[in-house]
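Engineer:
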Amino acid sequence: MNIKKYFAFCFVVPAYGSISIVYNLRVAETSKHRGLESFFKKPSFGIFTPFGTFREKYNGVHHSAGGGLFTLLYSPERYYLRVDAAFARVSSHDRSIHFARTQGDDVLFSGGYSPRTSKKSKLTISGLFGIPTHKDTSLEFVQFGYGHFGLGAQVDGTYFFSTNRNHTFRWATRLIHFFPRNVEARMGDQRERFNYGIGNLADIFLALHMIRKLHSMEAGYDASFFFNAKIFPHFEDAIKRANYIRNSFYGIYKYRFFIGNVASYIACALSYGFEPTPKTVGNKRVITTWASWGINF
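Structure representation (structure tokens):
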């Protein structure tokens, strides 16, 4: 690649990136009910989650997304099946570049099994499969969804440390591999094709959950690691932007109630995160807020 094209590429990509809500482990874990809350008696849930996320990068670029997440969950006593789909208006701006568009997130299918453990603990082993709903255009502008097929596994658990089972410690760990695909980007006055793999996503999640009558609160921490990104022809700048470490802290409040004979809940949550690496093009702060309305049927 000649020098002219290289600098054209570097000019384009400051606004690039991907935002996904279906792969947000904090949102996923705070909408779980697999035998953890006795208020819900039936196995199926429909959940709608409006959300907004705002990101400020170290280089001064701002990304944002606002939209809705739809979840269907079937959760008998020992296993579960779940599908998540979302849409959002994503935007990016700095001093010279302003861009916005509406897109769908990847569609995420997940399912798991809970083997028998002790009365004070619960363990679930899950598989995850993500399907992109559009091409990966992240090398040019911000997009909603990663735009790659994803395949992964998750192990999560709950420990009940009170006799009435209203106080729990929750944890989860997962690993997802995203398969490479061909991606196009404008290089100067023409378009170039790259074979781009965004790599692997790993998470470690820890939380404390407390229930008091119809109210519950939860606070937790999530460490996310995106690593092993590859692109051919090679561009180090793209690799630096794809690989990151993110620390996130969150809190959520939930209220459970009945609509006639149907058990339901509403929830609101706030999360704050930052990326210690990459220091030059990573996110200086990531603020995400969401609310949920779930119906048990």
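Per this note's numbering, the sequence shown starts with residue 1, numbered consecutively. A virtual CB, placed ideally from N, CA and C, is assigned to each residue, including glycine.
According to DSSP, is LYS120 helix, strand or coil?
Structural biologist: coil
Engineer: So, for TYR255: in the same chain, excluding its five sequence neighbours on each side, which residues have a beta-carbon less than 7 Å away from its beta-carbon?
Structural biologist: LEU214, HIS215, TYR265 and ILE266
Engineer: Excluding the five sequence neighbours on either side, which residues of its own chain have a C-beta within less than 6 Å of the C-beta of LYS230, listed in chain order?
Structural biologist: GLY197
Engineer: If you draw a straight line from the C-alpha of PHE9 to the C-alpha of HIS63, how long is it?
Structural biologist: With a pLDDT of 42 at PHE9, under the threshold of 50, the modelled position of that residue is not reliable, and the figure given next carries that caveat. So the two alpha carbons sit approximately 19 Å from each other.
Engineer: Taking only the alpha-carbon atoms, compute the straight-line gap between VAL142 and SER18 and give it to the nearest angstrom.
Structural biologist: 6 Å
Engineer: By Cβ distance, which residues of its chain are closer than 8 Å to PHE161, with the 5 residues on each side in sequence left out?
Structural biologist: Only LYS120, HIS167, THR168 and PHE169 meet the Cβ criterion.
Engineer: Along the alpha helix (DSSP H) that carries ILE97, what are the first and last residues, could you check?
Structural biologist: Here ILE97 belongs to no alpha helix (DSSP H), and DSSP marks it neither H nor E.
Engineer: What is the DSSP secondary structure of ASP237, reduced to helix, strand or coil?
Structural biologist: The three-state reading of DSSP puts ASP237 in helix, counting H, G and I together.
Engineer: For the alpha helix (DSSP H) that LEU25 lies in, which residues bound it at each end?
Structural biologist: 25-29
Engineer: Answer yes or no: do GLY130 and ASP94 have a C-beta to C-beta separation smaller than 8 Å?
Structural biologist: no
Engineer: Going by DSSP, name the residue or residues bridged to LYS230.
Structural biologist: GLY197
Engineer: By the DSSP assignment, the beta strand (DSSP E) with ILE21 in it spans what residues?
Structural biologist: It is not in any beta strand (DSSP E) - ILE21 carries neither H nor E in the DSSP assignment.
Engineer: Can the beta-carbon of LEU25 be found closer than 8 Å to that of PHE227?
Structural biologist: no
Engineer: Can you name the start and end residues of the beta strand (DSSP E) that ASP156 belongs to?
Structural biologist: 150-160
Engineer: Please report the Cβ distance between ALA238 and LEU139, rounded to the nearest whole angstrom; I am assuming they are in contact, meaning their Cβ atoms lie under 8 Å.
Structural biologist: Contact between ALA238 and LEU139 holds: their C-beta atoms lie close to 7 Å from each other, under 8 Å.
Engineer: Tell me which same chain residues have a C-beta within less than 8 Å of the C-beta of ASN182, skipping the five on either side of it?
Structural biologist: Its chain contains ARG193, PHE194, ASN195 and TYR196 as the residues whose beta carbon lies nearer than 8 Å to that of ASN182, once the 5 sequence neighbours on both sides are disregarded; these appear in chain order.
Engineer: Below 8 Å on the Cβ atoms is my guess for PRO298 versus TYR74; work out the distance and round it to an integer in Å.
Structural biologist: Given a span of 1 to 297 for the chain in the structure shown, any question on residue 298 remains unanswerable.
Engineer: Under a Cβ-count criterion, where at least 16 other Cβ atoms within 10 Å of its own Cβ denotes burial, should LYS135 be classed as buried or exposed?
Structural biologist: That one is exposed.
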